[in-house]
Structures are given as C-alpha cells and as structure tokens.
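Undergrad: Heads up: take any position in the sequence shown, counting from 1, add 1476, and you land on the numbering used here.
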Amino acid sequence: SLTLGIETSCDETGIALYHSEKGLIAHTLYSQIKLHAEYGGVVPELASRDHIRKITPLIQETLKKGQVSAKDITGIAYTAGPGLMGALLSGASVARSLAFAWQIPAIAIHHMEGHLLAPMLEETQPEFPFVCLLVSGGHTMIIRVDGIGRYKLLGDTLDDAAGEAFDKTAKMLGLGYPGGPEVSKLALQGQTDRYKFPRPMVDRPGLDMSFSGLKTFTLNTWLKAKESGDDSEQTKADICRAFEVAVADTLSIKCKRALEQEGLNRLVVSGGVSANREIRAKLDALMAKRKGSAFYPRLEFCTDNGAMIAYAGSKRLDAGQSSDLNFACQPRWDLESLEPIDPIEVA
Ligand code: ATP
Ligand code: MG
Ligand code: FE
C-alpha cells in the first residue's frame, strides 16, 4: 500500500508518501516560520491561508520526488487534531476531496500519535512496550505505549509545555522565534554554574510536570541582571544555559521515574523539543546508566512533518481502519481515546 500523508495542524505544511514495504518514499515541508516571525508567534488566520496556497503544489512536488503517480496512492492520512481549527480544516478538506475523487480511504490521524511514532521512521525502531516522552510546542506528556493506539498517559504538564517555555524564554531575552533552537544555540556559549535554576516538581511524587515557574524564574533572573547594569550577551547565554539544563534535568528525572514505575527500559523521545542537544545528552546518559536504550526521530522529523502522519496512517489503513469523510477535526483530542490496531499488525 502507498499512503499520502498531509500535516497542517499549525504552521508547517508537511506532505509525505509512505510505502508499506519500501518505507518512506518522499517527503516535502513548507514552514511558515518567516510569515509568523514578525508577530512573535503563529497567527491562525495567516496559517490557514498559507496552507491552502502551498498544499497542492507540495503534493505535486512530493509525487514527482517519489516518482510515483497519483494512481499509485491507496490511502490518505491527514492530521485531524489537536491543532488550530482553520489550519486542520485546510489539510482535511484537501485530503477528503482527494480520497473522494480517487475512491480511496482516508484516515484522520492524531497529531501527537504522529510525533510519538516518528522514531519508527528510523533504521532501528523501538519494540513495544516503551515509555514515550512527548515534548513539543503545545504538549509535554509521558506516555506508556503498548502498541499503536494503546496509549496510557502517565504524566502531563500542569501549565506550560516545554517548547512553550523555550519560546517564552527566548521572547523575554529578545531572541528570535521559534525560541527553542535560539535558546539552545546561545546556551552553547553559556557557563553552566553561574545560575542555578529550580527543577520544578521533582521533589513531589508522580510524573506530572510544570514549566511556568521556570519561565518566571528566568524572567526574574534577567530583570535582576539588567537592573545591575548587566545585559550582556554572556549573561543571556548563561541564563539560556541554566534554563536548558534545568529543563533537561527535570525531564530526565521524570523519565527515570516513569521507566522504574512501568518496569521498562526503552525510552522514546519525540516532538520539537526532542531536537535539543542537551536534553538528548541527558537522556542518553540516563539510558546508558540503566543499560536501556533511547530512541529519537532524525532532527527534521522532531518538529512537524508529513512523514510521521503518513507512517501512522499507513499502519492504521493497513489494519483496515479508515475515517468517515465527514469526520470532524478536533482542535482538542484525547490521545488515550484512539482506537488500537491489532498488535499482530504492528511490524
Ligand atoms: P504540538 O505538536 O504540541 O501541537 P507544535 O507542533 O507547535 O506543538 P513541534 O513542531 O513539535 O510543536 O515543536 C515546536 C517546538 O519545539 C517549539 O516550541 C520550538 O521552540 C521547540 N524546539 C525546536 N527545536 C528545539 C531545540 N533545539 N531545543 C528546544 N526546543 C526546540
Ligand atoms: Mg511549527
Ligand atoms: Fe507538533
């Protein structure tokens, strides 16, 4: 089977073709970062309009890249939530129209399932069950994964997502958007020991997290430095470093706790923040010490992309699932409510 994947949940138009035997055939991505940068965040109206403009040319480009014709496509997977309603609808309408015209099934995919399964696009894939840390712009979740569609939420953030905390930190320090890559770039020049930031909620039992306090701590540290006349690049870098190390430590402590609780030794880390070098280093060290293994997507598949949607869709379509053509997009959508696929079908 050959699945066309369409991702439009936020500010990236991602298209991909996934073949059930040959794997990923081709993928293309158009990021609207430049469009939204001057506003310091995603403007929903502009996002929808830009998706509509880009989606068809990108599908054509992807077909050309993969050297396949539209006739070869046997199913279409599209992101149906969570995300911005207008952005979701742009992708969903195109996906459903094509499925109707080509008389093939369409499947609605949960964006976070896409992120969660993105490491499956790599050469060495984790076996089920595993613990997954999903860290993105809008989510920070620790999940037990027993198969595709078998998700149990173990921990969640009580306030900001990890990526959101990176983005807000960047904004406070006057760095660019999106903030994650900017903060982590500047952190490379930072000293580790100048500031010590808190590790939120690690002294409390359980797997929930909180990042808004860390953000406030960052702001206060920066204001205090500025008050004392020190608003140098070095100080900014030191703050970025302290912030990043605090996030990485916190995530690592929570992941360790989750693995112990579940009696598992495979950790999957995905979502935009999983591109972070410091976080990867901390989690690799944790898993090396436990003689377990950590799995990540390649860097370009950490953030939003069509490949992860095509993969999730391919697995579900091959298991005989499909969605009604009038399936409603869901800006909010519970990951635990998804339908499992037969574990036998999970290759
Ligand atoms: P969600 O998936 O929760 O709906 P999203 O799709 O906007 O949100 P992603 O595309 O997965 O999120 O990731 C974007 C986030 O990842 C942004 O918050 C960005 O700052 C962050 N990010 C990207 N690269 C890095 C990095 N190297 N270090 C830290 N954060 C990063
Ligand atoms: Mg994005
Ligand atoms: Fe995402």
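The beta-carbon is built from N, C-alpha and C at its ideal position, and this holds for glycine as well. Please read these numbers as outputs of a predicted model, since none were measured by experiment.
Three-state secondary structure (DSSP) at residue 1545?
TA: Taking the first residue of the sequence shown as 1, we reach residue 1545 at position 69. It is coil, neither helix nor strand.
Undergrad: Do residue 1571 and residue 1582 have their CB atoms nearer than 7 Å?
TA: Residue mapping note: residue 1571 aligns to position 95 of the sequence shown, counting from 1. Residue mapping note: residue 1582 aligns to position 106 of the sequence shown, counting from 1. Taking 7 Å as the Cβ cut-off, residue 1571 and residue 1582 qualify as a contacting pair.
Undergrad: Are residue 1795 and residue 1817 close, meaning C-beta to C-beta below 7 Å?
TA: Locating residue 1795 in the sequence shown gives position 319, counting from the first residue. Locating residue 1817 in the sequence shown gives position 341, counting from the first residue. In contact: residue 1795 and residue 1817 (Cβ atoms closer than 7 Å).
Undergrad: DSSP state of residue 1554, grouped into three classes?
TA: Taking the sequence shown and counting its residues from 1, the one referred to as residue 1554 is at position 78. In the structure shown, residue 1554 sits in a strand (DSSP, three-state: E or B).
Undergrad: Would you call the region 1678-1694 in contact with the region 1632-1647, where contact means no fewer than 3 C-beta pairs closer than 8 Å?
TA: As far as the Cβ criterion goes, the region 1678-1694 touches the region 1632-1647, which means the pair count is three or higher.
Undergrad: Examine ligand 3 and report whether any of its heavy atoms sits within less than 6 Å of the Cβ of residue 1780.
TA: As a first step, residue 1780 is located in the sequence shown; it is residue number 304 there, counting from the start. Residue 1780: yes, Cβ under 6 Å from ligand 3.
Undergrad: Can you tell me the Cβ-Cβ gap for residue 1712 and residue 1662, rounded? I've got them flagged as a contact below 8 Å.
TA: Within the sequence shown, the letter at position 236 stands for residue 1712. Within the sequence shown, the letter at position 186 stands for residue 1662. Indeed, because the Cβ distance is near 6 Å, the residues count as touching under 8 Å.
Undergrad: Using the three-state DSSP reduction, which class does residue 1580 fall into: helix, strand or coil?
TA: Numbered from its first residue, the sequence shown carries residue 1580 at position 104. Residue state, collapsed to three classes: coil.
Undergrad: At a threshold of 6 Å, does residue 1643 count as lining ligand 2 (C-beta to nearest heavy atom)?
TA: Counting from 1 along the sequence shown, the entry for residue 1643 is found at position 167. Checking the Cβ of residue 1643 against ligand 2 gives no.
Undergrad: At a cut-off of 6 Å, is residue 1783 close to ligand 1 when judged by its beta-carbon and the heavy atoms of the ligand?
TA: Numbered from its first residue, the sequence shown carries residue 1783 at position 307. Outside the cutoff, so no.
Undergrad: Out of curiosity, what's the CA-to-CA distance linking residue 1785 and residue 1707?
TA: For the purposes of this step, residue 1785 is taken as the residue at position 309 of the sequence shown. For the purposes of this step, residue 1707 is taken as the residue at position 231 of the sequence shown. If you take the alpha carbons of residue 1785 and residue 1707, they lie about 43 Å apart.
Undergrad: Taking 7 Å as the cut-off, decide whether the C-beta atoms of residue 1811 and residue 1627 are in contact.
TA: One-based indexing of the sequence shown puts residue 1811 at position 335. One-based indexing of the sequence shown puts residue 1627 at position 151. The answer is yes: Cβ separation under 7 Å.
Undergrad: Would you please state the rounded distance, in angstroms, between the beta carbons of residue 1718 and residue 1755? I believe it to be under 8 Å.
TA: Position 242 of the sequence shown, counted from the first residue, corresponds to residue 1718. Position 279 of the sequence shown, counted from the first residue, corresponds to residue 1755. About 14 Å; that fails the 8 Å criterion.
Undergrad: Could you please give the first and the last residue of the uninterrupted beta strand (DSSP E) stretch that includes residue 1632?
TA: Here residue 1632 corresponds to residue number 156 of the sequence shown, with the count starting at 1. Start and end: 1626-1632.
Undergrad: Would the region 1660-1677 count as touching the region 1530-1540 if we require 3 or more Cβ pairs under 8 Å?
TA: These segments do not touch.
Undergrad: According to DSSP, is residue 1677 helix, strand or coil?
TA: By one-based count along the sequence shown, residue 1677 stands at place 201. In the structure shown, residue 1677 sits in coil (DSSP, three-state: anything other than H, G, I, E or B).
Undergrad: Buried or exposed: residue 1726, going by 16 or more other Cβ atoms within 10 Å of its Cβ?
TA: The residue you call residue 1726 lines up with position 250 of the sequence shown. By the 10 Å Cβ count, residue 1726 comes out buried.
Undergrad: Consider the C-beta atom of residue 1526 and the heavy atoms of ligand 2; say whether any pair is separated by less than 6 Å.
TA: Position 50 of the sequence shown, counting from 1, holds the residue named residue 1526. The answer is no for residue 1526.
Undergrad: Where do the N-terminal and C-terminal ends of the beta strand (DSSP E) with residue 1622 fall, by residue?
TA: Position 146 of the sequence shown, counted from the first residue, corresponds to residue 1622. Start and end: 1616-1623.
Undergrad: Starting from residue 1506, follow the beta strand (DSSP E) in both directions and report where the run begins and ends.
TA: The residue you call residue 1506 lines up with position 30 of the sequence shown. First-last of the beta strand (DSSP E) with residue 1506: 1499-1507.
Undergrad: Would you decide whether residue 1765 is buried or exposed? Buried here means 16 or more other CB atoms lie within 10 Å of its CB.
TA: Position 289 of the sequence shown, counted from the first residue, corresponds to residue 1765. That one is exposed.
Undergrad: Which of the three DSSP states is assigned to residue 1603 in this structure?
TA: Counting from one through the sequence shown, the residue named residue 1603 turns up at place 127. In the structure shown, residue 1603 sits in coil (DSSP, three-state: anything other than H, G, I, E or B).
Undergrad: List in chain order: all unbroken alpha helix (DSSP H) runs of 4+ residues lying wholly within the region 1681-1706.
TA: DSSP runs (the alpha helix (DSSP H)) wholly in the region 1681-1706: 1688-1703.
Undergrad: So the candidates are 1720, 1480, 1578, 1709; which of them puts its Cα closest to the Cα of residue 1567?
TA: Residue 1567 sits at position 91 when you count from the first residue of the sequence shown. It is 1480.
Undergrad: Please state if the CB of residue 1780 and the CB of residue 1488 are separated by a distance shorter than 7 Å.
TA: Here residue 1488 refers to the residue found at position 12 of the sequence shown. Here residue 1780 refers to the residue found at position 304 of the sequence shown. Yes, the Cβ-Cβ distance between residue 1488 and residue 1780 is below 7 Å.
Undergrad: Are residue 1745 and residue 1759 touching if we call contact CB-CB under 7 Å?
TA: For the purposes of this step, residue 1745 is taken as the residue at position 269 of the sequence shown. For the purposes of this step, residue 1759 is taken as the residue at position 283 of the sequence shown. Yes, the pair counts as a contact, with Cβ atoms nearer than the cut-off.
Undergrad: Which residues in the same chain as residue 1530 place their Cβ atom closer than 6 Å to its Cβ, once the five residues preceding and following it in sequence are excluded?
TA: Here residue 1530 refers to the residue found at position 54 when the sequence shown is read from its first residue. Contacts found: 1489, 1506.
Undergrad: Below 6 Å CB to CB, which residues in the same chain sit around residue 1517 once its five sequence neighbours on both sides are set aside?
TA: Counted from its first residue, the sequence shown places residue 1517 at position 41. Here the set comprises nothing.
Undergrad: Less than 6 Å between the CB of residue 1614 and some heavy atom of ligand 1, yes or no?
TA: Within the sequence shown, numbered from 1, the residue matching residue 1614 stands at position 138. Answer for residue 1614: yes, Cβ within range of ligand 1.
Undergrad: Taking 8 Å as the threshold, find out whether the region 1798-1805 comes into contact with the region 1550-1564 through three or more Cβ pairs.
TA: Contact holds: three or more Cβ-Cβ distances are below 8 Å.
Undergrad: Please report how far the alpha carbon of residue 1813 lies from the alpha carbon of residue 1695, in whole angstroms.
TA: The residue you call residue 1813 lines up with position 337 of the sequence shown. The residue you call residue 1695 lines up with position 219 of the sequence shown. Roughly 38 Å separates the two Cα atoms.
Undergrad: Anyone know if the C-beta pair for residue 1618 and residue 1678 falls short of 7 Å?
TA: As a first step, residue 1618 must be located in the sequence shown, where it is residue number 142. As a first step, residue 1678 must be located in the sequence shown, where it is residue number 202. Their beta carbons are not under 7 Å apart, which means residue 1618 does not touch residue 1678 by this criterion.
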